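The number in the working numbering is simply the position in the sequence shown, starting from 1, with 44 added.
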Amino acid sequence: MALGLLLALVALAHDDARTEALAGSTAPASVLKRQALVEVEHLDYDGNRQRGTLVVDASLAKEVREIFAELLDQGFRIEKVRSASAYRWDDLASMKDNNTSGFNYRKVEGTRRLSNHASGRAIDINPMQNPHIGHDRTGAVYDPKAPGTLAKGSAAVRAFEKRGWTWGGKWRRPDHMHFEKP
Numbered sequence: 045m046a047l048g049l050l051l052a053l054v055a056l057a058h059d060d061a062r063t064e065a066l067a068g069s070t071a072p073a074s075v076l077k078r079q080a081l082v083e084v085e086h087l088d089y090d091g092n093r094q095r096g097t098l099v100v101d102a103s104l105a106k107e108v109r110e111i112f113a114e115l116l117d118q119g120f121r122i123e124k125v126r127s128a129s130a131y132r133w134d135d136l137a138s139m140k141d142n143n144t145s146g147f148n149y150r151k152v153e154g155t156r157r158l159s160n161h162a163s164g165r166a167i168d169i170n171p172m173q174n175p176h177i178g179h180d181r182t183g184a185v186y187d188p189k190a191p192g193t194l195a196k197g198s199a200a201v202r203a204f205e206k207r208g209w210t211w212g213g214k215w216r217r218p219d220h221m222h223f224e225k226p
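In structure tokens, the structure reads:
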């Protein structure tokens, strides 16, 4: 009986955290119900273990946990991991804070097309180390040798690509922070 109650309380706390992580989103209910809260561990820039929370499409949750576990094992540095709701869904504010995030119901900058972030099928990692070349509004500088930077052929990029994710760093206008899964 006590174990059942404990499990129910844990589930309730998780539901509350998910509700908070999605609060204020303009996404339709049909999109919101497909999102999952994924807690991940990562190393910050001082090498300390931290916990963060990503919101992603529920079908990708297990895979995202595996990828971030692999990044942790590699010693890859990530400054912070928070839901975009912590920034009131302001993508620029999240990027300027070097926040790693997933779901954000928004359009691709400069277009009317929804971003893959709008369905929870994209993740941006360390935007200040991994800018979108030609579209960066944060003042970020790309140095592939700096800690937390994603580079062609790196173990961090391979952790995503071997699971079928596409890295924006290979695009005509590189978006080094961006991974998406069709």
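Just so you know, even glycine gets a beta-carbon here, dropped at the ideal spot from N, CA and C.
Note that the structure is predicted; figures quoted are calculated from it, not measured.
Practice task
Please confirm whether any heavy atom of the ligand ATP lies closer than 7 Å to the CB of A195.
Solution key: Summarising the ligand content, the structure contains no ligands, and the ligand ATP is consequently not present.
Handout entry: As assigned by DSSP and simplified to three states, the class of D135
Key = Secondary structure at D135: helix, using DSSP grouped into helix, strand and coil.
Exercise for the section: Return the chain-ordered ranges of every beta strand (DSSP E) run that is complete within the region 156-185 and spans a minimum of 3 residues. Expected result: Taken in chain order, the complete beta strand (DSSP E) segments of 3 or more residues contained in the region 156-185 are 166-168.
Exercise for the section: Report the three-state DSSP secondary structure of S129 (helix, strand or coil). Expected result: DSSP places S129 in helix when its eight states are reduced to three.
Practice task
Check the C-beta distance from I167 over to F120 and give it rounded, since I have them as a contact under 8 Å.
Solution key: Contact between I167 and F120 does not hold, since the beta-carbon distance rounds to 13 Å and is not under 8 Å.
Exercise for the section: Measure the alpha-carbon distance for R109 versus G96 and round it to whole angstroms. Expected result: Straight-line spacing of the CA atoms in R109 and G96 works out to 11 Å.
Exercise for the section: Decide if G68 is buried, meaning its Cβ has at least 16 other Cβ atoms within 10 Å, or exposed. Expected result: With fewer than 16 Cβ atoms within 10 Å of its Cβ, G68 is classed as exposed.
Practice task
Within its chain, find whatever has a CB closer than 6 Å to the CB of R62; leave out the 5 residues flanking it on each side and keep chain order.
Solution key: Setting aside the 5 residues that flank it on each side, R62 is surrounded in the same chain by L81, each with a C-beta closer than 6 Å to its C-beta; the list follows chain order.
Problem - Per DSSP, the bridge partner or partners of F223 - result: Its beta-bridge partners are I167, W211.
Exercise for the section: Please go through the same chain and pick out, in chain order, the residues whose beta-carbon is closer than 6 Å to the beta-carbon of A184, but skip the five residues on each side of it. Expected result: Beyond the five residues adjoining it in sequence on each side, A184 comes within less than 6 Å, by CB distance, of M172, P175 in the same chain, given in chain order.
Practice task
Note the first and the last residue of the continuous alpha helix (DSSP H) segment covering R78.
Solution key: Following the DSSP letters along the chain, one finds R78 in no alpha helix (DSSP H), marked with neither H nor E.
Exercise for the section: For the beta strand (DSSP E) holding D117, just list the boundary residues, first then last. Expected result: Element bounds for D117: not the beta strand (DSSP E) but the alpha helix (DSSP H), 105-118.
Problem - Given E83 as reference, the closest of G146, D135, T70, T182 once Cα atoms are compared - result: Closest option to E83, Cα to Cα, is G146.
Practice task
Could you check if G154 is buried or exposed, using at least 16 other CB atoms within 10 Å of its CB as the buried criterion?
Solution key: Exposed.
Problem - Local Cβ density within 10 Å of T193, reported as buried at 16 or more and exposed below that - result: Residue burial is scored here from C-beta neighbours: T193 has at least 16 other C-beta atoms within 10 angstroms and is therefore classed as buried.
Practice task
Would you mind working out which of Q118, R126, V99 sits nearest V201, comparing C-alpha positions?
Solution key: That would be Q118, whose Cα lies nearest to the Cα of V201.
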